[in-house]
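Counting from 1 along the sequence shown, just add 16 to a position and that's the residue number in the working numbering.
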Amino acid sequence: MILTVTLNAALDVTYRVPRLEPRASHRVREVAERPGGKGLNVARVLAALGHETLVTGFAGGPTGERVRELLTEVTEPGPVGDALVTTGGTTRRTVSVVEESGGPGAGATLFNEPGPQISPAEWERFLDVYGELLAGADAVALCGSLPPGVPVGAYGTLVRTARTAGVPVVLDTDGEPLRRGLAARPDVVKPNAEELAGITGSTEPLHAARLAQRRGAHAVVASLGADGLLALTPDGAWRVTPPRRMAGNPTGAGDSVVAALLSGLAEGLSWPDRLVRATALAAATVRAETAGEFDRAVYEELLPAVTVTRQRAAAASAVG
Ligand code: TA6
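As C-alpha cells, this is what we get:
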C-alpha cells in the first residue's frame, strides 16, 4: 500500500470561463469539483496506475464530506482508501479558473483558501493514526501546505517517523515546512524551480538542487515546468525532457510527478525509468481537460519519446 498525506485537503473547484480579465465580472460556463489537495491528487493518479492507495490528513464540515463522497467515486482500476482524520473545522476549497480562449490567461489562475484550524488534540490524534498507517505502507508521500494550527515543523516530524519505521518518504511542499522537512532527510523532495530558489536563495536550478541535497534530501527532483525535470539522485544526475510542449492546464502536473516517483519506487524501477514515467505523466496531466486528471493515451504515446540525459559529474558538482 502507498500512503499519501494531505494535511490541508481541499475541494478543488474548476471554473471554465470564456476569457479571464482582472476587475471584471465573469460568466462561468462549467463547474467541476474534485477531491483535492496535493496528496489526494497523487493518490488518484496512483490508483489509476493500479497501485493500492490510502489517503490520510484532515477533512471536516460539508466540504470535507463532499471530498470523501467524491473519493468513493474513484473506482477504476482501483479505489482510493479513505483514512482521513475528522476535524471540527471545515475543509477548504481551492478554485482554479481556466480560460477557454487560449489567450494570455490560458492555463489556470488559482485561489487557495488557508484551510481549517487544527487543534493540538487533533494534531496528536493524526500523529497516532499516521504511526499506525505507516506499519502497512511500502512508501509515503507528504504533500502540500499546512493548515493553520499544524506546527510549522510538522513535515520534519512526519519524515522522521517514516524513516524510523523504514518507510521511504517523498516530500512535496514549499517554504519553511519544506526547509524543516528537508533537515529530517527525506528520500526524495520534489520542489519546482521557484520553491527551490525560495529555500536555497539560488535561481540556477542545478545549483539550487545541489544545495537542497546537501541540506538533507537523498534525492532532489526539481520540476522545471514545460522543460521537464532535473534530478539529483544517489545513482547520478539527470535531465529529462518531454518531446514537445503541451498546451493545457498545468494544475496537478507536479502531483503526477510525485505519483510516478512513488509508483516507480514501489515497482523497483531504475531512476531514469522513474523520471521518464514522471515526465510523461506530468505532460499528460497538462493535456487533460480537468485539472489533476491525466490523459492515458497521451501518457502512453509520450513515454517512448521522453529524453533522459545523464548530467556530467563535473557539471553536476560544479557548485558551491
Ligand atoms: O497541485 C495542485 C493542487 O494539488 C490543487 O489540487 C490544490 O488543491 C492545491 O494544489 C493545493 O496546494 P497547497 O499547496 O495549497 O496545499
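C-beta atoms are modelled at their ideal positions from N, C-alpha and C, and glycine is treated no differently.
{"Asked": "Could you tell me which residues DSSP puts in a beta bridge with Pro130?", "Found": "For Pro130, which the question treats as bridged, DSSP gives no partner whatsoever."}
{"Asked": "For Gly244 and Leu100, I'd like the C-alpha separation in whole angstroms.", "Found": "32 Å"}
{"Asked": "Should the region 39-47 be regarded as contacting the region 143-159, the criterion being three or more beta carbon pairs within less than 8 Å?", "Found": "no"}
{"Asked": "Go through its chain and collect everything with a Cβ distance to Leu246's Cβ below 7 Å, but skip five positions before and after it.", "Found": "Pro221, Leu222, Ala225, Ala238, Leu240 and Arg255"}
{"Asked": "Quick one: complete alpha helix (DSSP H) runs, 4+ long, within the region 211-270?", "Found": "221-230"}
{"Asked": "Measuring from each Cβ to the nearest heavy atom of the ligand TA6, keep the ones under 6 Å and list them in chain order.", "Found": "Asn24, Ala26, Asp28, Gly52, Gly53, Lys54, Asn57, Thr110, Asn128, Gly160, Ser161, Thr267, Gly268, Gly270, Asp271 and Gly308"}
{"Asked": "Could you name the residues that DSSP lists as bridge partners for Val156?", "Found": "Leu19 and Val185"}
{"Asked": "What does the alpha-carbon distance come out to for the pair Leu227 and Glu305?", "Found": "36 Å"}
{"Asked": "Going by Cα to Cα distance, which pick from Thr69, Gly105 and Ala75 is closest to Pro93?", "Found": "Thr69"}
{"Asked": "Check the DSSP bridge columns for Glu64 and list the partner residues they point to.", "Found": "Before going further, note that residue 64 is Ala rather than Glu in the sequence given. The partner list for Ala64 (beta bridge, DSSP) is empty, contrary to what the question assumes."}
{"Asked": "How would you call Thr193, buried or exposed, if buried means at least 16 neighbouring beta carbons within 10 angstroms?", "Found": "Note that residue 193 is Pro in the sequence shown, not Thr. Pro193 comes out buried."}
{"Asked": "Nearest to Pro250 by alpha carbon, out of Ala296, Arg326 and Ala200?", "Found": "Arg326"}
{"Asked": "To which residues of the same chain is Gly121 closer than 6 Å at the C-beta, ignoring the five residues directly before and after it?", "Found": "The predicted model places Gly121 with a pLDDT of 46, which falls under 50 and marks its position as unreliable; any figure quoted below should be read in that light. Result list for Gly121: Leu36 and Glu115, in chain order."}
{"Asked": "Taking only three categories from DSSP, how would you classify Arg45?", "Found": "coil"}
{"Asked": "Can you tell me the Cβ-Cβ gap for Ala296 and Val274, rounded? I've got them flagged as a contact below 8 Å.", "Found": "That pair is no contact at about 14 Å."}
{"Asked": "For Asp28 versus Thr110, is the C-beta distance shorter than 7 Å?", "Found": "yes"}
{"Asked": "Classify Val302 as buried or exposed, calling it buried when 16 or more other Cβ atoms lie within 10 Å of its own Cβ.", "Found": "buried"}
{"Asked": "Using CA atoms only, rank isn't needed, just tell me which of Val21, Gly131, Glu49 and Leu143 is closest to Val96.", "Found": "Val21"}
{"Asked": "Per DSSP, Asp28 is paired with what?", "Found": "Arg50 and Thr110"}
{"Asked": "Tell me, please, which residues DSSP counts as bridged to Glu115.", "Found": "Val33"}
{"Asked": "What is the DSSP secondary structure of Gly147, counted as helix, strand or coil?", "Found": "helix"}
{"Asked": "Using a threshold of 6 Å, is the CB atom of Ala228 nearer than that to any non-hydrogen atom of the ligand COA?", "Found": "Among the ligands present in this structure, namely the ligand TA6, the ligand COA is not found."}
{"Asked": "Can you give the Cα-Cα distance for Leu158 and Leu187, rounded to whole angstroms?", "Found": "5 Å"}
{"Asked": "Name the two residues that bound the continuous beta strand (DSSP E) containing Asp98.", "Found": "Val96 to Asp98"}
{"Asked": "To test your reading of the DSSP string, which unbroken alpha helix (DSSP H) runs of 4 or more residues are found completely within the region 284-326?", "Found": "287-303 and 312-318"}
{"Asked": "Using DSSP bridges, identify the partner residues of Thr102.", "Found": "Ala75"}
{"Asked": "Would Ala59 and Val71 qualify as a contact pair, given that the criterion is a beta-carbon distance under 7 Å?", "Found": "yes"}
{"Asked": "Quick one: what's got a C-beta closer than 6 Å to Asn128's C-beta in the same chain, skipping five residues either side?", "Found": "Thr110"}
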